[in-house]
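Step one of this worksheet: look at the structure below.
Number of protein chains: 2
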Amino acid sequence: PDWELALVDGIKVLRRVYKFKNFAEALSFTNKVGALAEEQGHHPALLTEWGKVTVTWWTHAIGGLHKNDFIMAAKTDKLLES
Amino acid sequence: PDWELALVDGIKVLRRVYKFKNFAEALSFTNKVGALAEEQGHHPALLTEWGKVTVTWWTHAIGGLHKNDFIMAAKTDKLLES
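Here is the structure:
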């Protein structure tokens, strides 16, 4: 499972599901992505559930995907290694 | 906007959207709800976005709502005051 292009309410988004061992590890990843979002001034939707986090990137201002969303997706992947 | 009953993939859930001033405050609330979930051993779905958190409670084991979900919803509301 890697990044997929999806349509949400007619808006193109980049979405990836990350799996974890439990709720606490999922929430910890949510916080890492949240810190990245604040640092970069670009904010995703983060769905935290037991054992998984679904990260969705898109650019609100253009109602779709910008090059920056792909960069944020790559940066999100890097957080897994940290 | 208060708790609403919704059907998600045929499963009855309790859902509420909480509004905040920015992303950081939303994520802070997500963490409060996450701590409550860990403490109570019952885990919701937490959708964190810029300025809002959508909290969804249901009981996986019964594929629907249990009395405990309503209690968790009430406890979630209390976190707003803390």
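Heads up: the protein sequence lines correspond to chains A and B, in order. Residues 456 to 537 in our numbering are what the first sequence lists, from first letter to last. Residues 456 to 537 in our numbering are what the second sequence lists, from first letter to last. For each residue, glycine too, the CB sits at the ideal point set by N, CA and C. Note that this is a predicted model, so its numbers are computed, not measured.
Of the residues the options, which one's Cα is nearest the Cα of residue i?
i: PRO469/A; options: ALA479/A, PHE484/A, LEU501/A, GLU493/A; result: Checking the sequence shown, residue 469/A turns out to be Leu, not Pro. The shortest C-alpha separation from LEU469/A is found at LEU501/A.
i: ALA529/B; options: ASN477/B, THR511/B, LYS476/B, ALA516/B; result: THR511/B
i: THR531/B; options: ALA490/B, GLU504/B, GLY465/B, PHE475/B; result: ALA490/B
i: ASP464/B; options: SER537/B, TRP458/B, HIS515/B; result: HIS515/B
i: GLN495/A; options: ASP524/A, LYS467/A, LEU520/A, GLY519/A; result: ASP524/A
i: LYS467/A; options: HIS497/A, HIS498/A, TRP513/A; result: TRP513/A
In chain C, what lies closer than 7 Å to residue i by C-beta?
i: TRP505/A; result: The question asks about chain C, but that chain is absent: this structure's protein chains are A and B.
For the putative contact between residue i and residue j, defined by C-beta atoms under 8 Å, what is the C-beta separation to the nearest angstrom?
i: GLU504/A; j: ALA479/A; result: About 12 Å; that fails the 8 Å criterion.
i: LYS474/A; j: LEU534/A; result: Contact doesn't hold; Cβ gap of about 14 Å is too wide.
i: THR485/B; j: THR485/A; result: 7 Å
I'd like to know whether the C-beta of residue i is nearer than 8 Å to at least one C-beta of chain A.
i: THR531/B; result: no
i: LEU520/B; result: no
i: ASN494/B; result: Reading off the sequence shown, one finds Glu at residue 494/B, where the question assumed Asn. By this cut-off, GLU494/B is not an interface position.
i: PHE475/B; result: no
i: LEU482/B; result: yes
i: ALA479/B; result: yes
Under 8 Å between C-beta atoms, does residue i make it to chain B?
i: THR485/A; result: yes
i: LEU502/A; result: yes
i: GLY489/A; result: yes
i: ALA528/A; result: no
i: ALA461/A; result: no
Rounded to whole angstroms, what's the CA-CA distance from residue i to residue j? Just pull it up for me.
i: TRP458/B; j: ASN477/A; result: 26 Å
i: GLU493/B; j: SER483/B; result: 15 Å
i: VAL472/B; j: LEU462/A; result: 22 Å
i: ILE517/B; j: GLY506/A; result: 19 Å
i: LEU460/A; j: MET527/A; result: 14 Å
i: LYS522/A; j: HIS521/B; result: 44 Å
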